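Asker: Before I ask anything, here is the structure I am working with.
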Ligand code: UGA
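In our numbering, the protein residues as written are 478 to 952.
Take a look at the structure:
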C-alpha cells in the first residue's frame, strides 16, 4: 500500500484479536511486521493463510500482505525482538479471581524480550492493562540486566471493536501515545504517520471508512500512566452508558414510554452523544466485563471510592435476569416450552461468544426446563463447545428453522439480518406468534399489526399494555 521508504520493522506479540488486527493494519500502512505467538498450530495456520476469527477485511489484508512477506508469523520472539525497532505487546490480560487483570502473560513476554535486547528498542503495551503496568514492564526488563539506555516502554491503547476492528484501527477517533521519552514518542508517531498525515487515505485501495486526507485522526501524546487510564476509563464509561440506558429502559417499561425516544432525546445533546445508548440485555464480550472489574479493582487498590462501577456491573447482571423473567411471564411456565433463539454471539458481526449475554440467558432457560433451538450466522461452532447439542439444546441452520413450531422466538444478538426477517413467513412458522426481542430490532406497532405478541426492552408492548395499564398505579 503506502511507500516502503518510511517502513519500520515492527514485532507484535500475540495473534489474538488486537494483535492480529494490529499486525495486518501495520502492514497495510506500509510497515514490515513479525507477528509472534507461542501457539505453534496457530502460527502454522496463519502462515497457511487461514484466518482464525470472523472479521471484515481481515482476510483481504492478510492475503494482501502475507503474499508479499510484509507480514510474517513466527514463534521466535527472540529473533523478532532483535530484528525490530518497536515491539508491541498484545497478549491477553484475563480477569483473575479478585477482578484485577492477570498480567502473567505480559510479565512473561517482557522477561523474554529482555533476554534478547542487544540494541535500542521501543516496547509498546497495547494490551488493556491497569495503570502502573508500564512501570512494571520497565522494572522487569531492568531486572533482567538490560541497561536503561537500551529501551523505553510506552503505552498505545487500542480502541477497536470486534466486528469493525480493521476499520476502527485504520479510521480511529484518536490515537493515544503514552510515552515518557521524546525519542520513543517520535518513533511511535512515525509508525502512525500514514494515518495522522492522511497519506494512507489517498491510496485507491485503502480500506474505506470515516477518515480521509482532509480529516485524518488526531494524535494525543500523554504520559504512560494517563494513556493506561484513558483505555480503562473509556471502556468503563461506555459500559456505564449502557447500564444507564438499561435502567432508563426499565423505568420506561413501567410507565409505557419508549426508551428509544428517550435515548434519542438525550443523545441529541452533544455533551451526551447518541452512541452506546441502545437498551438491551446487557453488555458482554471479552472487554467490558473484564475491564470494568479491573478498573474497579485498580481504584480500590488506590483507596479511591468508585462504587459507581459496582453499580454498573450489578445493573448489567440484573438486565439478563430481567429478560429471562420477561420470557417466563410471557409464557407462564417454561417447562417443556420450545423456544427458538436468534443469536449466540455477544453482539452482531462477530463469532465471539465470550461473556455473551445470549449464552447466559439460554442457560437460564434450559435450567428452567425449556428446550432451545438456536441459530447464529457465525457463532454456532464456538457455542457448541459451551452449550453441547442434545435433546434440550439444538442448533438450527437458519432463522426460520430455529422458529419452526416454537412456542416463542427470542432475539438475543443484534445481527443486522435478524432485523430483516420475512415476518409473514415467521408468523406461520412459529407455533404461537410470540417474539421477545432483547435487541429492539422491530417496531412494536408494526409487529402488533402483523398479529404478533411482541415484547422488547423499554418500549410499550401493545398486547400487554391494556392489562398493564389497569394494574399499574402511580405511587
Ligand atoms: C469494546 C469497545 O467498544 C472498544 O472501543 C474497545 O477497544 C474494546 O471493547 C476493547 O477493549 O478491546 P467490543 O467488546 O468489541 O468493543 O464491543 P462493543 O461494540 O463495545 O459492545 C460491547 C457490548 O455492549 C456488546 O455486548 C453489545 O451488544 C453491548 N452494547 C453496545 C449494548 O448493549 N448497547 C449499546 O448501545 C452498545
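Positions of the beta carbon are idealized from the N, C-alpha and C atoms, including for glycine. All values reported here derive from a predicted model rather than from experimental measurement.
Is residue 885 helix, strand or coil by DSSP?
Answerer: Reduced to three states, the DSSP call for residue 885 is strand.
Asker: Using the Cβ count rule (16 or more neighbours within 10 Å means buried), how would you classify residue 946?
Answerer: Because residue 946 carries a pLDDT of 34, less than 50, the predicted location of this residue cannot be relied on, and no value is offered for it.
Asker: So does the segment 511–520 actually touch the segment 484–492, counting three or more Cβ pairs closer than 8 Å?
Answerer: With the cut-off at 8 Å, the segment 511–520 and the segment 484–492 touch.
Asker: Residue 903 to residue 928, Cα distance in whole Å?
Answerer: Straight-line Cα distance between these residues: approximately 11 Å.
Asker: Report the CB separation of residue 662 from residue 698 in whole angstroms; it is logged as a contact under 8 Å.
Answerer: Correct: roughly 6 Å between the Cβ atoms.
Asker: What residue ranges within the segment 515–544 form continuous beta strand (DSSP E) runs of no fewer than 3 residues, ordered along the chain?
Answerer: The qualifying runs do not exist here; there are none.
Asker: Would you decide whether residue 771 is buried or exposed? Buried here means 16 or more other CB atoms lie within 10 Å of its CB.
Answerer: Per the 10 Å Cβ criterion, buried.
Asker: Give, in chain order, every unbroken run of the alpha helix (DSSP H) that is at least 4 residues long and sits entirely within the segment 646–709.
Answerer: Correct list: 659–673.
Asker: Enumerated in chain order, which unbroken segments of the alpha helix (DSSP H) with a length of 4 residues or greater are wholly contained in the segment 890–936?
Answerer: The segment 890–936 contains these whole alpha helix (DSSP H) runs: 900–906, 921–926.
Asker: Would you tell me roughly how many angstroms separate the C-alpha atoms of residue 599 and residue 590, rounded to the nearest one?
Answerer: Those two C-alpha atoms are separated by around 11 Å.
Asker: Taking 8 Å as the cut-off, is the C-beta of residue 708 nearer than that to any heavy atom in ligand 1?
Answerer: Yes, the Cβ of residue 708 comes within 8 Å of a heavy atom of ligand 1.
Asker: Examine ligand 1 and report whether any of its heavy atoms sits within less than 8 Å of the Cβ of residue 755.
Answerer: Residue 755: yes, Cβ under 8 Å from ligand 1.
Asker: Check each candidate in 543, 534, 722, 831 and name the one with the smallest Cα separation from residue 521.
Answerer: When only C-alpha atoms are compared, the closest one is 543.
Asker: Could you tell me the boundaries of the alpha helix (DSSP H) in which residue 501 lies?
Answerer: 494–505 is the span of the alpha helix (DSSP H), which, as asked, contains residue 501.
Asker: Work out the CA separation of residue 767 and residue 870 for me, nearest whole Å.
Answerer: So the two alpha carbons sit approximately 28 Å from each other.
Asker: Who does residue 871 pair with in a DSSP beta bridge?
Answerer: Looking at the DSSP assignment, residue 871 forms a beta bridge with 850.
Asker: Hey, residue 569 and residue 824: beta-carbon distance below 9 Å or not?
Answerer: Against a cut-off of 9 Å, the Cβ pair of residue 824 and residue 569 comes out as no contact.
Asker: Considering only C-alpha positions, which residue in the set 707, 851, 828 is nearest to residue 654?
Answerer: Answer by Cα proximity: 707.
Asker: According to DSSP, is residue 563 helix, strand or coil?
Answerer: Three-state DSSP puts residue 563 in a strand.
Asker: Run through DSSP, which three-state label would residue 729 get?
Answerer: DSSP places residue 729 in helix when its eight states are reduced to three.
Asker: Helix, strand or coil for residue 549, going by three-state DSSP, please let me know.
Answerer: Residue state, collapsed to three classes: strand.
Asker: What residue from 901, 864, 868, 905 has the CA that sits closest to residue 884's CA?
Answerer: The shortest C-alpha separation from residue 884 is found at 905.
Asker: Which same chain residues, not among the five before or five after residue 549, have their C-beta less than 6 Å away from its C-beta?
Answerer: Counting only Cβ-Cβ distances below 6 Å, and skipping sequence neighbours, we find 511.
Asker: So what's residue 572 in DSSP terms, helix, strand or just coil?
Answerer: Three-state result, residue 572: strand.
Asker: Buried or exposed: residue 778, going by 16 or more other Cβ atoms within 10 Å of its Cβ?
Answerer: Residue 778 is exposed by the Cβ-count criterion.
Asker: When burial is assigned at 16 or more other CB atoms within 10 Å of the CB, is residue 742 buried or exposed?
Answerer: It counts as exposed.
Asker: What three-state label does DSSP hand residue 817 in the structure shown?
Answerer: Of the three classes helix, strand and coil, the one that applies to residue 817 here is strand, per DSSP.
Asker: For residue 545, count neighbouring Cβ atoms within 10 angstroms of its own Cβ and tell me buried if that reaches 16, exposed if not.
Answerer: It is exposed - the Cβ of residue 545 has fewer than 16 other Cβ atoms within 10 Å.
Asker: Quick check on residue 830: does DSSP put it in helix, strand or coil?
Answerer: Of the three classes helix, strand and coil, the one that applies to residue 830 here is coil, per DSSP.
Asker: Can you tell me which of 806, 637, 645, 555 puts its alpha carbon nearest to the alpha carbon of residue 595?
Answerer: When each option's Cα is compared against that of residue 595, the closest is 555.
Asker: Going by the C-beta, is residue 763 closer than 8 Å to any heavy atom of ligand 1?
Answerer: Because some heavy atom of ligand 1 lies under 8 Å away, the Cβ of residue 763 counts as near it: yes.
Asker: Does DSSP put residue 950 in a helix, a strand or coil?
Answerer: Its pLDDT being 33, under 50, residue 950 is placed unreliably by the model, and nothing is read from it.
Asker: Do you know how far the Cα of residue 607 is from the Cα of residue 502?
Answerer: Rounded to the nearest angstrom, the two C-alpha atoms are 25 Å apart.
Asker: Alpha carbon to alpha carbon, how far is residue 851 from residue 820?
Answerer: If I take the Cα positions, the gap works out to 7 Å.
Asker: Cβ-heavy atom distance between residue 854 and ligand 1 below 8 Å?
Answerer: Not under cutoff, so the answer is no.
Asker: Given this structure, state the Cα-to-Cα distance separating residue 691 from residue 679, to the nearest angstrom.
Answerer: Whole-angstrom Cα-Cα distance: 10 Å.
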